[in-house]
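Chemist:
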Amino acid sequence: MTPEPRPAPETSVRDVPSPPQLPTTASSATGSIFDLGYRGYEGPRLGRRHAIYALFVYSLRSAYGIGRSGRAKIVPIGLAILATLPAVISIAVRAFAAQAGAGAEVERIDPIRYDSYYGYVSTIVMLFVAAQAPELLGRDQRYHVLSLYFSRALLRTDYVVAKGAAFATAILILILIPQAVIFVGLVISNTDIVAALGDNVGSIAPVLAVAAAIALLLGSIGLAVSAFTPRRAYATATIMAIFIVPGVVSQIVLRSTTGGLTRYIVLAAPEAVIDGVNAFLFGVKPSSREVVRADLAGELYLVVVIAVVVVLLGALARRYQRIEA
Amino acid sequence: MALIALDRLTKQFPGVTALDALSLELEPGVIGLVGSNGAGKSTLLKILLGLLPPTSGSATVMGLDTAREGTRVRELVGYMPEHDALPPDNSATELVAHLAQMSGLPPAAARERTADVLRHVGLFEERYRAIGGYSTGMKQRVKLAQALVHDPRLLLLDEPTNGLDPSGRDEMLALVRRTGTEFGIAVIVASHLLGEIERVCDYLVAIEAGHLLSAAPLATFTGRTGVLAVEVEDGSDALAAALIARGIETRQDGRAVLIGLDGHGPADDAYDIVRDAIVDLGLPLVRLEHRRRSLEDLFRDRPEDEPAVRPS
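In order, the protein sequence lines correspond to chains Y and D.
Each residue of the first sequence is one higher than the one before, starting from 10 at the first, in this note's numbering.
Each residue of the second sequence is one higher than the one before, starting from 14 at the first, in this note's numbering.
1) Any beta-carbon of chain Y closer than 8 Å to the one on residue 14 of chain D?
2) The stretch 176–209 of chain D: which residues have C-beta closer than 7 Å to a C-beta of chain Y, in chain order?
3) Starting from the beta carbon of residue 91 of chain Y, find every residue of chain D whose beta carbon is closer than 8 Å, and list them in chain order.
4) Report the three-state DSSP secondary structure of residue 321 of chain Y (helix, strand or coil).
5) Can you give me the Cβ contacts of residue 249 of chain Y inside the same chain, cut-off strictly under 6 Å, excluding the 5 residues immediately before and after it?
6) Rounded to a whole number of angstroms, what is the C-alpha to C-alpha distance between residue 35 of chain D and residue 21 of chain D?
7) Measure from the C-beta of residue 53 of chain Y to each C-beta in chain D and report whether the shortest distance is under 8 Å.
8) Do residue 80 of chain D and residue 53 of chain D have their C-beta atoms within less than 8 Å of each other?
9) Looking at C-alpha atoms only, which residue of D:85, D:110, D:138 and D:137 is the closest neighbour of residue 125 of chain D?
10) Grouping DSSP H, G and I as helix and E and B as strand, with all else coil, what is residue 241 of chain Y?
11) Report the start-end ranges of each beta strand (DSSP E) in the stretch 138–174 of chain D that is 3 residues or longer and not cut off at the edges.
12) List the residues of chain D that residue 159 of chain Y touches, going by C-beta distances under 7 Å, in chain order.
13) Given the structure, does residue 244 of chain D come close to the ligand ZN, in the sense that its CB is under 7 Å from one of the ligand's heavy atoms?
14) If you measure from the beta carbon of residue 68 of chain Y to each beta carbon in chain D, is any gap under 8 Å?
15) If you check the beta carbons only, do residue 198 of chain Y and residue 100 of chain Y fall under 8 Å apart?
16) Check the Cβ-Cβ distances between residue 73 of chain Y and every residue of chain D, and say whether any is below 8 Å.
17) Starting from residue 87 of chain D, find everything on chain Y with Cβ-Cβ shorter than 7 Å and list it in chain order.
18) What does the Cβ neighbour count give for residue 72 of chain Y, buried or exposed, with the cut at 16 atoms within 10 Å?
19) Rounded to whole angstroms, what is the Cα-Cα separation between residue 216 of chain Y and residue 291 of chain Y?
20) By the criterion of Cβ-Cβ separation under 7 Å, what are the contact partners of residue 56 of chain Y in chain D?
21) For residue 233 of chain D, count the other beta carbons within 10 Å of its own beta carbon; 16 or more makes it buried, fewer makes it exposed. Which is it?
22) Determine, using beta carbons only, whether residue 48 of chain D and residue 219 of chain D come nearer to each other than 8 Å.
23) Which whole-angstrom value describes the C-beta separation of residue 321 of chain Y and residue 283 of chain Y, a residue pair presumed to lie in contact below a C-beta threshold of 8 Å?
24) Would residue 102 of chain D pass as an interface residue toward chain Y - the criterion being a Cβ-Cβ separation below 8 Å?
25) State buried or exposed for residue 270 of chain Y, treating a residue as buried only when at least 16 other CB atoms are found within 10 Å of its CB.
26) Can you confirm whether residue 37 of chain D, when its beta carbon is compared against all beta carbons of chain Y, has any partner nearer than 8 Å?
27) I'd like to know if residue 114 of chain D contacts chain Y, where contact means its C-beta is closer than 8 Å to some C-beta of that chain.
28) Are the stretch 142–152 of chain D and the stretch 66–78 of chain D in contact at 8 Å, needing three or more beta carbon pairs?
29) So the candidates are Y:142, Y:148, Y:158 and Y:189; which of them puts its Cα closest to the Cα of residue 123 of chain Y?
30) Chain Y partners of residue 94 of chain D, CB-CB under 8 Å?
31) Would DSSP call residue 323 of chain D helix, strand or coil?
32) Looking at the C-beta of residue 159 of chain D, does it have a partner C-beta in chain Y at a distance below 8 Å?
33) What residue ranges within the stretch 28–89 of chain D form continuous alpha helix (DSSP H) runs of no fewer than 4 residues, ordered along the chain?
34) Taking three-plus beta-carbon pairs below 8 Å as touching, is the stretch 159–167 of chain Y in contact with the stretch 208–215 of chain Y?
35) Rank Y:266, Y:86, Y:161 and Y:97 by C-alpha distance to the C-alpha of residue 117 of chain D and give the top, closest one.
36) Would a check of beta-carbon distances place residue 126 of chain D closer than 8 Å to chain C?
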């Protein structure tokens with residue numbers, strides 16, 4: 010092959026403005042590339058911190074399928090509706106009952122409280138985590154998008170921080186919207202709004218604390234599994250198994266034995282741990298029979314949550330230090 | 014200040030030395046990085062990006078040490094990886110705008126640059142469709158666009174024509190060439206295809222098994238050799254015999270008769286003798302060409318223009 014003679018290379022001095030060009034076509038007959046002149050970028054470059062923020066926002070949006078196809082929205086948005094609907098209905102029923110003068114009776118049969126809602130919502134959160142954690146991490150691994158991220162200013166730990174924060178925030182939204190509905194409902198359905206506000210403000214701290222514990226525990230389990238299991242279906246199945254199987258095992262164990270060291274098995278079941286934390290932070294009786302039976306100190310559940318989260322996030326960071334990109 | 018300076022750069026992986034004491038200084042331009050698969054091209058690019066630490070020695074890009082200031086380096090460099098790296102469910106616009114922000118551009122600027130750059134690489138209406146439905150050529154363009162979107166000072170392209178058909182290859186090479194010359198962005202193109210490097214680059218770095226084979230302006234490699242090739246329709250044996258009879262040494266290479274021009278007095282004489290010999294024999298002349306050195310010679314044991322001309 011004989012190379013075509015070509016002009017001497019032009020200098021790469023960037024501050025010489027290129028002359029205005031008319032649109033011309035370059036290259037072959039089969040396709041054409043329209044040249045409208047290249048413009049450089051002289052604007053601000055916000056660097057690594059902006060990159061972390063941008064990845065956080067992008068990941069948070071994609072956790073709910075925003076900016077993605079309609080199909081990607083079905084599961085997360087559907088679960089968010091499922092999480093909120095019972096709260097809305099309960100509040101509505103309560104409001105109508107109060108108007109009809111039967112408020113006290115409804116309160117007795119259907120007590121809508123912040124602490125009792127977590128048992129229901131944590132199941133929804135589990136489904137959300139199993140469906141969306143693989144979406145958040147697996148996609149970038151499966152399609153090698155990581156090499157595009159890591160060839161930018163972003164560090165590997167930054168990636169983990171941004172993804173982790175985005176997923177935790179996504180879960181918090183899922184949990185806190187129904188809690189906010191309950192809060193507003195309880196306050197405005199009351200005849201004395203100011204007094205009701207006073208009654209409910211005290212619950213804000215435990216509501217947030219329990220929500221954070223759920224988001225961190227379930228979220229870090231989901232992300233850790235997804236980081237090591239790029240295939241989406243396998244990751245989802247593994248996450249569900251971790252959420253369900255230890256709970257079933259601990260139920261069987263705790264029903265056949267009493268006391269002794271075996272009762273600590275309850276700490277292996279995510280759902281029971283959440284119930285324990287919830288009971289401890291709200292100062293109520295645990296709703297699951299296993300947690301009641303195990304009769305462990307409330308602080309222990311909190312310690313387990315913190316320990317598991319620290320270990321899993323450490324494993325996640327380590328995984329991303331080593332991952333091929 | 015050199016664009017890139019390597020000082021005894023060595024990279025060892027367990028059991029393999031990928032780069033062995035590479036020392037090199039490169040000035041801005043379109044630089045070809047050639048070597049067979051596994052020669053260490055991708056390893057070198059990853060060290061230049063600060064993604065791999067060198068085992069010993071150092072690499073600086075625009076005066077920044079890649080091992081210590083990798084983050085700064087990556088802000089100024091655009092990288093097009095060799096393999097497929099695009100999520101299929103995003104559109105090109107969404108993906109490139111997102112990656113522009115990841116390069117530190119504010120959202121509005123990211124959108125504007127994305128539109129500019131995608132138009133530049135030749136993606137128009139299709140940029141709003143999901144990447145999953147793109148052809149290989151379109152995907153390669155998206156990969157190039159994401160490397161250009163933050164207007165880098167240096168572009169690292171790893172096998173940019175991978176998987177492209179001939180026309181797609183031509184377009185990609187033209188685009189790379191223009192990026193280097195008209196946009197004023199320094200480009201390093203890694204490829205195992207010498208023919209491509211020949212077409213787009215001004216400067217060539219050849220590595221083999223982690224060693225530097227050569228680094229010089231392309232013209233040094235592809236200059237004219239002292240060999241004249243004469244191709245005739247049939248009768249090349251007769252022509253060779255006639256030329257030997259006239260005192261010119263020849264060598265046959267397929268249909269072509271090769272004549273060493275050195276050591277036969279003025280080259281013009283040789284041309285005249287060849288012309289006369291062909292006229293006398295009444296042979297149909299197909300081609301009379303001054304052979305150019307080819308890049309393949311680099312990787313051959315014996316260069317073609319060695320005085321191996323023997324009477325046949």
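C-beta atoms are modelled at their ideal positions from N, C-alpha and C, and glycine is treated no differently.
Modeler: Quick answer:
1) Taking the first residue of the second sequence as 1, we reach residue 14 of chain D at position 1. No, residue 14 of chain D lies away from the interface with chain Y (no Cβ there is under 8 Å from its Cβ).
2) 180, 183, 184, 187, 188, 191, 194, 195, 196, 197, 199 and 208
3) Along the first sequence, read from residue 1 onward, the residue named residue 91 of chain Y stands at position 82. None at all; the shortest Cβ gap to chain D is about 24 Å.
4) As a first step, residue 321 of chain Y is located in the first sequence; it is residue number 312 there, counting from the start. Correct three-state label for residue 321 of chain Y: helix.
5) For the purposes of this step, residue 249 of chain Y is taken as residue 240 along the first sequence, with counting starting at 1. Closer than 6 Å at Cβ, skipping near neighbours: 139.
6) Position 22 of the second sequence holds residue 35 of chain D. Position 8 of the second sequence holds residue 21 of chain D. Those two C-alpha atoms are separated by around 5 Å.
7) The residue you call residue 53 of chain Y lines up with position 44 of the first sequence. Interface residue, yes.
8) For the purposes of this step, residue 80 of chain D is identified with residue 67 of the second sequence, where counting begins at 1. For the purposes of this step, residue 53 of chain D is identified with residue 40 of the second sequence, where counting begins at 1. Not closer than 8 Å, so no.
9) Your numbering for residue 125 of chain D matches position 112 in the second sequence. Comparing Cα-Cα distances from residue 125 of chain D to each of D:85, D:110, D:138 and D:137, the minimum goes to D:110.
10) Against the first sequence, residue 241 of chain Y aligns to sequence position 232. Three-state result, residue 241 of chain Y: helix.
11) 167–171
12) The count along the first sequence starts at 1 and reaches residue 159 of chain Y at position 150. Those within 7 Å of residue 159 of chain Y in chain D are 64.
13) In the structure on display, the ligand ZN does not appear, and there are no ligands present to speak of.
14) Locating residue 68 of chain Y in the first sequence gives position 59, where the first residue counts as 1. Not closer than 8 Å to any Cβ of chain D, the Cβ of residue 68 of chain Y fails to qualify, so no.
15) Along the first sequence, read from residue 1 onward, the residue named residue 198 of chain Y stands at position 189. Along the first sequence, read from residue 1 onward, the residue named residue 100 of chain Y stands at position 91. Result yes, Cβ atoms of residue 198 of chain Y and residue 100 of chain Y sit closer than 8 Å.
16) Here residue 73 of chain Y refers to the residue found at position 64 when the first sequence is read from its first residue. False, the Cβ-Cβ gap to chain D never drops below 8 Å.
17) Here residue 87 of chain D is taken as the residue at index 74 of the second sequence, counted from 1. Going along chain Y in sequence order, the residues near residue 87 of chain D (Cβ under 7 Å) are 160, 161 and 162.
18) Sequence index remark: in the first sequence, residue 72 of chain Y carries index 63 (1-based). Buried, because 16 or more other Cβ atoms sit within 10 Å of the Cβ of residue 72 of chain Y.
19) Position 207 of the first sequence holds residue 216 of chain Y. Position 282 of the first sequence holds residue 291 of chain Y. About 8 Å.
20) By one-based count along the first sequence, residue 56 of chain Y stands at place 47. Per Cβ cutoff of 7 Å: 88 and 117.
21) For the purposes of this step, residue 233 of chain D is taken as the residue at position 220 of the second sequence. Residue 233 of chain D is exposed by the Cβ-count criterion.
22) Residue numbering aside, residue 48 of chain D sits at position 35 when the second sequence is read from its first letter. Residue numbering aside, residue 219 of chain D sits at position 206 when the second sequence is read from its first letter. Closer than 8 Å, so yes.
23) Working through the first sequence from its first residue, we reach residue 321 of chain Y at position 312. Working through the first sequence from its first residue, we reach residue 283 of chain Y at position 274. The pair is not a contact, with the Cβ atoms about 15 Å apart (cut-off 8 Å).
24) Counted from its first residue, the second sequence places residue 102 of chain D at position 89. So, interface residue.
25) Here residue 270 of chain Y refers to the residue found at position 261 when the first sequence is read from its first residue. Residue 270 of chain Y is exposed by the Cβ-count criterion.
26) The count along the second sequence starts at 1 and reaches residue 37 of chain D at position 24. No, because no Cβ of chain Y sits closer than 8 Å to the Cβ of residue 37 of chain D.
27) As a first step, residue 114 of chain D must be located in the second sequence, where it is residue number 101. Closer than 8 Å to some Cβ of chain Y, the Cβ of residue 114 of chain D qualifies, so yes.
28) no
29) Translated into positions along the first sequence, residue 123 of chain Y becomes position 114. Minimum Cα distance to residue 123 of chain Y is reached at Y:189.
30) Reading the second sequence from its first residue, position 81 is the one you call residue 94 of chain D. The contacting residues are 153, 156, 157 and 160.
31) Mapped onto the second sequence, residue 323 of chain D falls at position 310. Low per-residue confidence applies at residue 323 of chain D: pLDDT is 38, beneath 50, and the placement is therefore not dependable, though the value from the model is reported in the following sentence. Three-state DSSP puts residue 323 of chain D in coil, outside helix and strand.
32) Position 146 of the second sequence, counted from the first residue, corresponds to residue 159 of chain D. Yes, its Cβ sits closer than 8 Å to a Cβ of chain Y.
33) 54–61 and 83–89
34) no
35) As a position in the second sequence, residue 117 of chain D is number 104, starting the count at 1. Nearest option by C-alpha distance: Y:161.
36) The chain labelled as chain C is not found among the protein chains of the depicted structure, namely Y and D.
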